[in-house]
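Have a look at the structure below before the remarks.
In my numbering, the protein residues as written are 1216 to 1437.
In C-alpha cells:
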C-alpha cells in the first residue's frame, strides 16, 4: 500500500484556481448516494466501502461493475477535505463504470447526490496517471488546499499485467467543490457510463474473476 500523504505537504493556503471557477464553501456532512459525470455519461449508485485485508481501499464488489465505491471512514463529498471514490475500469468481458474516466478534462463537472437531498457540484481541475511503481500518495489523493472541499475519482489505468493480475497504473481525477444544488429526483443511478464520451481507455481481455484491485491507501485526515 502506498504511504499516507504527509500532512505538511497535503495542505496549503486557499487560493483561486486560474481559469476555473472559485471554490464554494464546504457543505455540512452528508453521505453520498449517487455520482454523475455528465461529460462521460456516468450516473452511478454509490456504495460505502472500507479497507481490504491489505489496507487498501476496497473497490465495489466485482459483480457490481456499475457501482462506485466511497471510502466511508474518510471525508464525505462536499465537506472540507479530500473525499475518495473508486470504481472499476472494466470486467473480464466488458467496460465498467469508470471505463472512460481517463478522458475527463479540466473544467468538467462531477455531481454528487447526497443523502440529505442536496447535490455537491464539483469542477475537475486535472486528470493524472500514476504508475504504481512510482505512486505518490501526496499528489494522488492528499488534500491540496486547506479548508477546501475536494474529490478524487480513482480507477485502474496503464496496461493489464496478466502475471500480477492487476493494472500497472491508476487514473486519478481531482475536482473541487464549486456549487450546491438540489437532486432532480433521478433516483440512485443505474451504473451507466462505459466510455460514452469516447474515452482513451481500452478494455482488455483478462481471466474471468481476476479483480481490478485499486491499491490506494486511505487519504490523509482533512
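By construction, the Cβ of each residue, glycine as well, lies at the ideal position given by its N, Cα and C atoms.
Since the model is a prediction, treat every value here as computed from it, not as a measurement.
Expressed to the nearest angstrom, what Euclidean distance is found between the alpha-carbon atoms of residue 1411 and residue 1391?
At residue 1411 the pLDDT is 33, less than 50, meaning the model places this residue with poor confidence; the figure from the coordinates comes in the next sentence. One C-alpha to the other measures close to 23 Å.
Return the chain-ordered ranges of every beta strand (DSSP E) run that is complete within the region 1263 to 1336 and spans a minimum of 3 residues. 1283 to 1286, 1296 to 1301, 1324 to 1329
field: Reduced DSSP secondary structure (H/G/I, E/B, other) of residue 1247
entry: strand
(request) State the Cα-Cα distance for the pair residue 1416 and residue 1271, rounded to the nearest angstrom. (result) Annotation note: pLDDT 36 at residue 1416 (below 50); position unreliable, coordinate value reported separately. So the alpha carbons of these two residues sit roughly 23 Å apart.
| said: By alpha-carbon positions, which one of 1369, 1323, 1286 ends up nearest to residue 1234? | reply: That would be 1323, whose Cα lies nearest to the Cα of residue 1234.
- Assign residue 1358 to one of two classes, buried (16 or more other C-beta atoms within 10 Å of its C-beta) or exposed (fewer than that). buried
With distances taken Cα to Cα, identify the nearest neighbour of residue 1280 among 1267, 1273, 1303.
Among 1267, 1273, 1303, the Cα nearest to that of residue 1280 belongs to 1303.
Same chain only: Cβ atoms within 7 Å of residue 1226, ignoring 5 sequence neighbours per side: A caution first: residue 1226 carries a pLDDT of 38, below 50, which makes its placement in the model too unreliable to give a value.
Exercise for review: Take the Cβ of residue 1396 as the centre, count every other Cβ of all protein chains shown within 10 Å, and call the residue buried at 16 or more, exposed below.
Suggested key: The residue in question, residue 1396, is exposed, as its Cβ has fewer than 16 Cβ neighbours within 10 Å.
Taking the C-alpha atoms as reference points, what is the distance between residue 1377 and residue 1241? 42 Å
Give me the Cβ distance between residue 1245 and residue 1343, rounded to the nearest whole Å; I'm assuming they're in contact under 8 Å.
Contact doesn't hold; Cβ gap of about 28 Å is too wide.
What first and last residue would you give for the alpha helix (DSSP H) that runs through residue 1352?
Where residue 1352 is concerned, the enclosing alpha helix (DSSP H) stretches over 1352 to 1356.
Exercise. If you compare alpha carbons, which of 1364, 1375, 1388, 1381 is closest to residue 1394?
Worked result: 1364
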